[in-house]
Amino acid sequence: MYMGKAGRKIKLFADGADLNEIKKFNEMGVIDGFTSNPFFLKKFGVKNYEEFIREAVRMFPDLSMSFEVLSDDLPAMEREARKISNWGGNIFVKIPVTNTKGDSTVPIIRNLSQDGVKLNITVIFTLDQVKSAVAALSKEVSSYISIFAGRIADTGLNPLPMVKESVRLVNDAPLPRTEVLWASTKQLYNIIEAEETGCSIITIGYDLLDRLEVIGKSLEESSLDMVKMFYDATESSGLVV
141 MYMGKAGRKI KLFADGADLN EIKKFNEMGV IDGFTSNPFF LKKFGVKNYE EFIREAVRMF
201 PDLSMSFEVL SDDLPAMERE ARKISNWGGN IFVKIPVTNT KGDSTVPIIR NLSQDGVKLN
261 ITVIFTLDQV KSAVAALSKE VSSYISIFAG RIADTGLNPL PMVKESVRLV NDAPLPRTEV
321 LWASTKQLYN IIEAEETGCS IITIGYDLLD RLEVIGKSLE ESSLDMVKMF YDATESSGLV
381 V
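Position one of the sequence shown corresponds to residue 141 (this note's numbering), numbered consecutively onward.
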């Protein structure tokens with residue numbers, strides 16, 4: 141059902157920093173783009189940020205890709221964003237909605253968007269943050285608003301109403317070139333939920349992308365597969381009662 145792009149209501153972006161994995165999913169025809177962040181850069185052992193980005197642009201000229209600024213100081217963030225943006229026409233520069241001091245990045249978001257830099261406003265948890273981003277983004281420039289729906293759910297709150305309202309705010313602005321993105325995906329069912337909210341994009345980790353084929357699988361078949369998995373584990377372990 142979700143292995144290919146045909147008939148799908150939402151775009152799937154791989155989430156990580158392993159270009160070999162991105163190549164695999166791109167060749168499978170599964171993904172429409174990918175995102176990364178400093179945590180993934182460290183996890184996957186990226187040592188030279190510029191080389192990594194330029195290689196990604198070379199390998200995937202037709203995929204949307206998002207790379208985050210690394211500084212915490214707002215003027216430095218803005219300088220980095222302009223620099224990263226120049227490395228490829230398919231790059232969206234990720235700007236966190238605040239820095240570590242809680243200072244809003246809206247002033248630099250406005251400057252960059254007005255100057256034609258494609259942005260991915262990230263680490264959004266509240267509607268007020270969405271409203272600030274909507275007010276700062278240019279109607280003429282492509283951008284993403286990344287709502288950390290999975291992390292919101294971790295706090296015990298239902299993220300769906302907020303994501304739906306965010307889509308409405310973007311549409312009413314209107315911001316015709318801005319797309320709402322469901323981030324921090326925890327399970328495959330989040331794809332269904334994200335589609336229901338009307339958001340345009342969902343980011344998916346490599347482990348979940350590897351399991352897309354189970355969407356639409358019968359529950360009886362799924363049950364039998366689990367029984368077989370447990371039995372195979374028993375056989376290989378040598379355990380007895």
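We put the beta carbon where it would ideally sit given N, CA and C, even for glycine.
Beta-carbon proximity check, residue i vs residue j, cutoff 7 Å
i: F180; j: G156; result: yes
i: S225; j: M217; result: no
i: V303; j: T337; result: yes
i: K130; j: S282; result: Any property of residue 130 remains undetermined from this structure, which presents the chain solely from 141 to 381.
i: A276; j: V246; result: yes
i: N177; j: E208; result: yes
i: F288; j: N260; result: no
i: W227; j: R198; result: no
i: L214; j: I248; result: yes
Range of the contiguous beta strand (DSSP E) that encloses residue i
i: E335; result: Note, E335: premise wrong, no beta strand (DSSP E); alpha helix (DSSP H) at 329-337.
i: N260; result: 259-264
Neighbourhood of residue i by C-beta distance below 6 Å, restricted to the same chain and skipping five residues each side
i: L379; result: none
i: T266; result: none
i: L321; result: Y284, S286, I341
i: G256; result: V281
i: L203; result: G173
i: A273; result: I261, I285
i: I171; result: L152, A154, F165
Extent of the continuous alpha helix (DSSP H) run through residue i
i: S363; result: 359-377
i: V237; result: Per DSSP, V237 belongs to no alpha helix (DSSP H) and is neither H nor E.
i: V270; result: 267-276
i: S225; result: 214-225
i: F184; result: F184 -> no alpha helix (DSSP H), and no H or E assigned at all.
Counterpart residues of residue i in DSSP-defined beta bridges
i: S206; result: T175, F232
i: Y346; result: For Y346, which the question treats as bridged, DSSP gives no partner whatsoever.
i: S286; result: L321
i: S244; result: T238
Residues of its chain near residue i, where Cβ-Cβ distance is below 7 Å and the 5 sequence neighbours each way are ignored
i: A196; result: L159, M205
i: F200; result: I162, N166
i: A313; result: V274
8 Å CB neighbourhood of residue i in its chain, flanking five on each side removed
i: I331; result: Y142, I150, L152, T325, I342, I344, I355
i: K368; result: none
Helix, strand or coil at residue i according to DSSP, with G and I counted as helix
i: L429; result: Lying before the first or after the last residue shown, residue 429 is absent from the chain, which here runs from 141 to 381.
i: E280; result: coil
i: D155; result: strand
i: S306; result: helix
i: I341; result: strand
i: S211; result: coil
i: A313; result: coil
i: A351; result: The residue you asked about is not Ala; residue 351 is Arg in the sequence shown. Of the three classes helix, strand and coil, the one that applies to R351 here is coil, per DSSP.
i: R168; result: Contrary to the premise, residue 168 reads as Met rather than Arg in this sequence. Note: M168 maps to coil in three-state DSSP.
i: N160; result: helix
i: M141; result: Confidence is the limiting factor: at M141 the pLDDT is only 46, short of 50, which leaves the residue's position unreliable, though a coordinate-based value still follows. M141: coil per DSSP, three-state reduction.
Any non-hydrogen atom of the ligand ZN within 6 Å of residue i CB
i: I332; result: By its list of ligands, the structure shown contains no ligand whatsoever, and the ligand ZN lies outside what it can speak to.
Proximity test, Cβ basis, 7 Å: residue i and chain B
i: R317; result: Considering every chain present, this structure includes no chain B. It has just one protein chain.
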